[in-house]
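Trainee: Below is a structure I'd like to ask you about.
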Amino acid sequence: MAYQPSNKFEQVRAEKLERLAALGIDPWGSRFDDRQPIGQVRELAPESGESHIRVRTAGRVLSKRDSGKACFFDLADKSGRVQVLAGQKQIADDWKVVELLDLWDMVGVEGIIGRTRTGEVTIFAHRIFFLTKTLAHPPEKYHGAQDVEILLRHRYIDMIQDASVIARFEQRAKILGFIRRFLAGEGFTEVETPSMQAIAGGAAARPFITHHNALDLQLYLRIAPELYLKRCLVGGMERVFEIARVFRNEGIDATHNPEFTMMELYEAYGDYNRMMEITEQIVVGAMKEVGLPMQMTYGEYQLDFTPPWRRATYDELLAEHAGCHMDQPEQILAAANARGIATAGKDIDLIVSELFEATVEDVLIGPVFVIDYPASLCPLTKRKTSNPKVAERFELFVAGMELANAYTELNDPILQEELFTKQLSGQKEEDSMAKMDLEFILALKHGMPPAGGLGIGIDRLVMLLTSSETIRDVVIFPLLRPRPLSAGINPISDDQSEPAS
RNA sequence: GAGGGCGUAGCUCAGCGGUAGAGCAUCGGACUUUUAAUCCGUUGGCCGUGGGUUCAAAUCCCACCGCCCUCACCA
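Note that our numbering has the first sequence beginning at -4, numbered continuously upward.
This is how it looks when you write it as structure tokens:
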């Protein structure tokens, strides 16, 4: 299969493959040992002039300034960027390599660290080792690629041209690392429950459907790990958690990606009050992990995470922002009608929920725990002993985003079975958390200890802690509709994918 | 799903009825302290796709595709 360059730029670069080969140089390089990261190399630089310190490093050529018998280029690796001066006389035979060097090629460099007369940290090269040819033509050097579509579809371009992109995903990794260490320290065991489930339960969301051929079985991609993690409680795993990729077949916007990461934990003998403490510990700990102060800004908001955070009941927030109480149907209907919320044929609690979402959620700058939800909205949650119409549930809101959701878990199999059959009128089954799962009921019949359970949206937490405005900044490869390759970027083979019909 | 915006060279963008443009990048040349290097020259286009209006369409109209924003849906 012959390589077909997709434009003249690639044609030119392809020809350089031959020219490199003619010089006995492998354009795809090989192992390069004893490499010092560029960040470390920079630290060896003297105050001025050349040192006697030899350095050996490697990276990608991001810019290049030819100057007759010398060539300056900037070499970058993950740790930083440094200028290299390759003088024809100084690098001797390797000058042939420099002559064939293109932007975004990768090379190894050996030389002396120093500074030019303008003070720029520079490797005065003695050797240049060709490591990898870049066949594609890179974006413009000053602005770089700006088109969001290019940056998302080809995230590597985003990473190459903007060091903060990798840094942001490293922050994400640090946050996840902290959560794992913290929970391990608290005695939680990490488990991995099925992503493919015969019944997609544990949340209210439309699932993705898939199929197993050998079993001839329709399966769903999970919308939550909840029902499996509770089985672990039944079995005696007293503290258990999962960092679960979940999949929801819903719309896409700044805070929703079809697949995202949910941390769920369950603690036997706990309740939702205990979950609030853990939530504070996790969020505050994660903030410290990435070096954030308790007072911080996120977008236009000034947030103070100094614990304990405000705890406000669902009812008092409803009263404050919608002017009605959740147990007063006339008030609710009036308030809903006043805001144009359709009420006909809808269960009163569904209307309450819509009213709450319309009036309260967006104004919750927080951090604030919204506690004690209308019970009918919470089929997996234990009811308050003092008032069975209220469920021991909280949601954590920050900057208008829901960041966490937790309950005192319902462990009564008889009530659970009943709640699974109860659909609120005016609500589609797919919009309800109540989906009959007899296997789960059977598990509860074997005795699940009273417990607290917590889910934290990891992507949104990372957004908050990295000042990211959209979830796409923290999901490394967010979903985009596939399309025939963008102009100028063609595959090496000639079998173009067909556009979706 | 509804409304709005955008799609022009590899990239960043101008042009908005009358021969398709600039900067960077590329290619050739000069230059051993440049750093958005500079200087001289050069190449580069199904103007997203398909219809239509017009003597004439990148430009106006319609449909479709993709992306973005707002709203809706949704945690």
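Positions of the beta carbon are idealized from the N, C-alpha and C atoms, including for glycine.
Quick check on I152: buried or exposed, where buried means 16 or more other Cβ atoms within 10 Å of its Cβ?
Mentor: Start at 1 with the first residue of the first sequence, and residue 152 comes out as number 157. With 16 or more Cβ atoms within 10 Å of its Cβ, I152 is classed as buried.
Trainee: Starting from V160, follow the alpha helix (DSSP H) in both directions and report where the run begins and ends.
Mentor: Residue mapping note: residue 160 aligns to position 165 of the first sequence, counting from 1. Element bounds for V160: 158 to 180.
Trainee: What are the start and end residues of the alpha helix (DSSP H) that includes P324?
Mentor: Along the first sequence, one-based indexing puts residue 324 at 329. P324 -> alpha helix (DSSP H) spans 324 to 333.
Trainee: For the alpha helix (DSSP H) holding T416, just list the boundary residues, first then last.
Mentor: Your numbering for residue 416 matches position 421 in the first sequence. Start and end: 408 to 416.
Trainee: Could you please give me the residues that DSSP links to C498 through a beta bridge?
Mentor: Residue 498 lies beyond the stretch modelled for the chain, which goes from -4 to 496, so this question has no answer here.
Trainee: Hey, which unbroken runs of the beta strand (DSSP E) at 3 residues or more fall wholly within the segment 441 to 480?
Mentor: Entirely contained in the segment 441 to 480, the beta strand (DSSP E) runs reaching 3 residues are, in chain order, 446 to 452.
Trainee: In three-state terms, what does DSSP make of Y368?
Mentor: Residue mapping note: residue 368 aligns to position 373 of the first sequence, counting from 1. The answer is strand: DSSP assigns Y368 an E or B state.
Trainee: Within the same chain, show all residues whose beta-carbon is closer than 6 Å to that of N388, passing over the 5 residues directly before and after it, in chain order.
Mentor: Along the first sequence, one-based indexing puts residue 388 at 393. The sequence shown places Arg at residue 388, rather than the Asn named in the question. Closer than 6 Å at Cβ, skipping near neighbours: Y368, C373, T376, Y402.
Trainee: Suppose you measure from the CA of L224 to the CA of I218; what does that come to, to the nearest Å?
Mentor: As a position in the first sequence, residue 224 is number 229, starting the count at 1. As a position in the first sequence, residue 218 is number 223, starting the count at 1. Roughly 13 Å separates the two Cα atoms.
Trainee: Would you kindly report the start and end of the unbroken alpha helix (DSSP H) that includes D426?
Mentor: In the first sequence, residue 426 corresponds to position 431, counting from 1. Segment: none, D426 is in no alpha helix (DSSP H) and carries neither H nor E.
Trainee: By DSSP, does I194 sit in helix, in strand, or in coil?
Mentor: As a first step, residue 194 is located in the first sequence; it is residue number 199 there, counting from the start. Reduced to three states, the DSSP call for I194 is coil.
Trainee: Roughly how many whole angstroms lie between the Cα atoms of A1 and G103?
Mentor: Here residue 1 refers to the residue found at position 6 when the first sequence is read from its first residue. Here residue 103 refers to the residue found at position 108 when the first sequence is read from its first residue. Per the sequence shown, the amino acid found at residue 1 is Ser instead of Ala. S1 and G103: Cα-Cα distance of roughly 28 Å.
Trainee: Assign P288 to buried or exposed, taking buried as 16 or more other Cβ atoms, counted over all protein chains shown, within 10 Å of its Cβ.
Mentor: Walking along the first sequence from the start, residue 288 turns up at place 293. Result: exposed.
Trainee: If distances are taken between C-alpha atoms only, which option among G395, H206, L126 comes closest to S25?
Mentor: In the first sequence, counting from the first residue as 1, residue 25 sits at position 30. Comparing Cα positions, the closest option is L126.
Trainee: Looking at the secondary structure, which residues open and close the beta strand (DSSP E) in which D299 lies?
Mentor: Working through the first sequence from its first residue, we reach residue 299 at position 304. Looking at the DSSP string, the run of the beta strand (DSSP E) that includes D299 is 296 to 299.
Trainee: With DSSP run on the structure shown, which of helix, strand or coil describes I238?
Mentor: Here residue 238 refers to the residue found at position 243 when the first sequence is read from its first residue. Three-state result, I238: strand.
Trainee: Would you list, in sequence order, the uninterrupted alpha helix (DSSP H) runs of no fewer than 4 residues that lie entirely inside the segment 122 to 159?
Mentor: Counting only runs of 4 or more, we get 143 to 148, 150 to 156.
Trainee: Would I436 and D454 be called neighbours here (beta carbons separated by less than 8 Å)?
Mentor: As a working note, residue 436 is residue 441 in the first sequence. As a working note, residue 454 is residue 459 in the first sequence. In this structure, D454 does not lie closer than 8 Å to I436 by Cβ.
Trainee: Between which two residues does the alpha helix (DSSP H) harbouring I346 extend?
Mentor: Position 351 of the first sequence, counted from the first residue, corresponds to residue 346. Segment 343 to 354, the alpha helix (DSSP H) holding I346.
Trainee: Apply the 10 Å Cβ neighbour rule to R8 and answer buried if 16 or more other Cβ atoms are within range, or exposed otherwise.
Mentor: One-based indexing of the first sequence puts residue 8 at position 13. Label assigned to R8: buried.
Trainee: Between the Cα of R183 and those of P189, I174, E325, spot the shortest distance and give me the residue it belongs to.
Mentor: Position 188 of the first sequence holds residue 183. Going by the sequence as given, residue 183 is Phe instead of Arg. That would be I174, whose Cα lies nearest to the Cα of F183.
Trainee: Once you ignore the five residues that flank Q(-1) on each side, which residues in its own chain have a CB closer than 6 Å to its CB?
Mentor: Residue -1 sits at position 4 when you count from the first residue of the first sequence. Here the set comprises nothing.
Trainee: Could you pull the start and end residues of the alpha helix (DSSP H) that R26 belongs to?
Mentor: Translated into the one-based positions of the first sequence, residue 26 becomes position 31. Neither: R26 is in no alpha helix (DSSP H) and is coded neither H nor E.
Trainee: Roughly how many angstroms lie between the CA atoms of V504 and A438, to the nearest whole one?
Mentor: In the structure as shown, the chain starts at -4 and stops at 496, and residue 504 therefore has no counterpart that could be examined.
Trainee: Just to confirm the assignment, what range does the alpha helix (DSSP H) spanning H316 have?
Mentor: For this step, residue 316 is matched to residue 321 along the first sequence. 309 to 317 is the extent of the alpha helix (DSSP H) around H316.
Trainee: Can you pull the DSSP bridge partners for L216?
Mentor: The residue given as residue 216 occupies position 221 in the first sequence. M191.
Trainee: Classify P22: buried if its beta carbon has 16 or more other beta carbons within 10 angstroms, exposed otherwise.
Mentor: In the first sequence, residue 22 corresponds to position 27, counting from 1. Classification for P22: buried.
Trainee: Where does Y(-2) fall in DSSP's three states?
Mentor: Within the first sequence, numbered from 1, the residue matching residue -2 stands at position 3. Reduced to three states, the DSSP call for Y(-2) is coil.
Trainee: On the three-state DSSP scale, how would you describe D357?
Mentor: Taking the first sequence and counting its residues from 1, the one referred to as residue 357 is at position 362. If DSSP states are grouped into helix, strand and coil, D357 belongs with the helices.
Trainee: Could you pull out every residue in the same chain whose Cβ sits closer than 8 Å to the Cβ of C319, ignoring the five residues on either side in sequence?
Mentor: Numbered from 1 along the first sequence, position 324 holds the residue referred to as residue 319. So the qualifying residues of the chain are L313, Q326, I327, A329, A330, L350.
Trainee: Give the single residue among E259, L359, P444 whose Cα lies nearest to the Cα of Q297.
Mentor: Within the first sequence, the letter at position 302 stands for residue 297. It is L359 whose Cα lies nearest to the Cα of Q297.
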